[in-house]
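Numbering-wise (numbering that gives the first Met the number 0), the sequence shown opens with residue 0 and increments by one.
C-beta atoms are modelled at their ideal positions from N, C-alpha and C, and glycine is treated no differently.
Predicted model, so just to flag it, every value in this text is computed and none were measured.
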Amino acid sequence: MNIKKIFKTAQAKHLPIFQFNFSDLSQLKGIINGAKKFKKPFILGTSEGESNFLGLNFAVAIKKEVEKELGFPVILNLDHGKSFDHLKKAIDAGYEMVHFDGSSLPIRENIKITKKVASYAKKRGVLVEGELGFLRGTSEIHREMAKIKVKDMTLPREAQLFVKETGVDALAPVFGNIHGIYKKMPSLDLKRLSMIKSRVGKWVFLVLHGGSGIPSSQIKGAVKKGIVKINLNTEIRLAWRKVLEKSLKDNPQEVAPYKLAPQVIKAIEKVIVKKMKLFYKI
Ligand code: G3H
Ligand code: ZN
């Protein structure tokens, strides 16, 4: 599978590739049931924590089975890897894309490790995503208002330097996006996104992290300005938790997981369909 080609096509058509994170079989089944209606390539994402829980080899085996079942490309990405070692293990296990998250590091240190990841990955035909700017939050519900400081956001000229020095294929910028769902979501700074886009050049694929809780109009606006990949986690996790709780409550005697799971799977399928429908027809 030529992943770069899939990304290039998505970029040319302004049709983003979705990344859906998972760490549980009901989540995975919900994602599959939703995505298969569209027959478009998508990404299965596992963060470091999610990948440690699943096991890297197990995640690779799952993705192969999913792809076989669906009959169209499914890409496996190690999301928010925090060290070269973990990403190297993921690449060796068979991940096709890796994301090094050096956003909490000084830019020089971030560049140094991202470059090391990129050089290891590229020799093996693996796509690399880098991250620049301070992307706040965690993939969960937050009771407070989202606060993003201007100094957290990606500077267009630094983005240019970052991609030139690291050789990444994709870049996750910070332009008003945040992980998780907040009492009040911030607005995306699409002007900044456009400036970043013009600095990084045509063939660097821009990624929207923190896809949950962003109004559809803003997601569409971001794709128009150059976003090629959209990451979604919190909305999937939330549907899992809410419906699992209800299912347990409604069936207090039930102990067979597969009898409690169908409602959870359905709810996650709905989340996936709602997102993909913004860009694709069933
Ligand atoms: O890398 C994963 C995504 O950025 C998830 O963000 O939890 O806000 O959907 P989210
Ligand atoms: Zn993220």
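Taking only heavy atoms of ligand 2 into account, decide whether any of them is closer than 6 Å to the Cβ of residue i.
| i | result |
| --- | --- |
| H208 | yes |
| N109 | no |
| N230 | yes |
What's the gap between the Cα of residue i and the Cα of residue j?
| i | j | result |
| --- | --- | --- |
| V167 | E128 | 6 Å |
| M275 | I281 | 9 Å |
| K121 | L243 | 41 Å |
| A89 | D23 | 18 Å |
| I2 | K39 | 13 Å |
| K258 | I42 | 28 Å |
| E95 | T153 | 26 Å |
| K245 | K150 | 42 Å |
| M184 | N230 | 16 Å |
| L192 | L170 | 11 Å |
| H141 | T233 | 11 Å |
| K190 | N76 | 28 Å |
| W202 | P251 | 53 Å |
| R156 | I112 | 20 Å |
| A158 | I218 | 21 Å |
Since residue i sits in a beta bridge, which residues does DSSP pair it with?
| i | result |
| --- | --- |
| M144 | M144 is not bridged to any residue. |
| A169 | E128 and F204 |
| D78 | S46 |
| L231 | F19 |
| I226 | L205 |
| K41 | The sequence shown places Phe at residue 41, rather than the Lys named in the question. V73. |
| M96 | N76 and L126 |
| I180 | I140 |
If we count the other Cβ atoms within 10 Å of its Cβ and call it buried at 16 or more, is residue i buried or exposed?
| i | result |
| --- | --- |
| T137 | exposed |
| A238 | buried |
| V222 | buried |
| V49 | It is Glu, not Val, that sits at residue 49 in the sequence shown. Buried. |
| E64 | exposed |
| S25 | buried |
| D91 | exposed |
| M194 | buried |
| K228 | buried |
| K67 | exposed |
| F71 | exposed |
| G200 | exposed |
| S216 | exposed |
| N176 | buried |
What are the boundary residues of the beta strand (DSSP E) that residue i is part of?
| i | result |
| --- | --- |
| V272 | It is not in any beta strand (DSSP E) - V272 instead sits in the alpha helix (DSSP H) that spans P256 to M275. |
Looking at ligand 1, does it come within less than 6 Å of residue i, judged from the CB to the closest heavy atom?
| i | result |
| --- | --- |
| T165 | no |
| H13 | no |
| T233 | yes |
| G29 | no |
| S215 | no |
| D23 | no |
| D78 | yes |
| H85 | no |
| G179 | yes |
| S102 | no |
| S186 | no |
| S118 | no |
| S138 | yes |
Taking the alpha helix (DSSP H) that residue i falls in, what are its first and last residues?
| i | result |
| --- | --- |
| F6 | I2 to K12 |
| Y119 | I106 to K121 |
| N32 | L24 to A34 |
| K196 | L189 to V199 |
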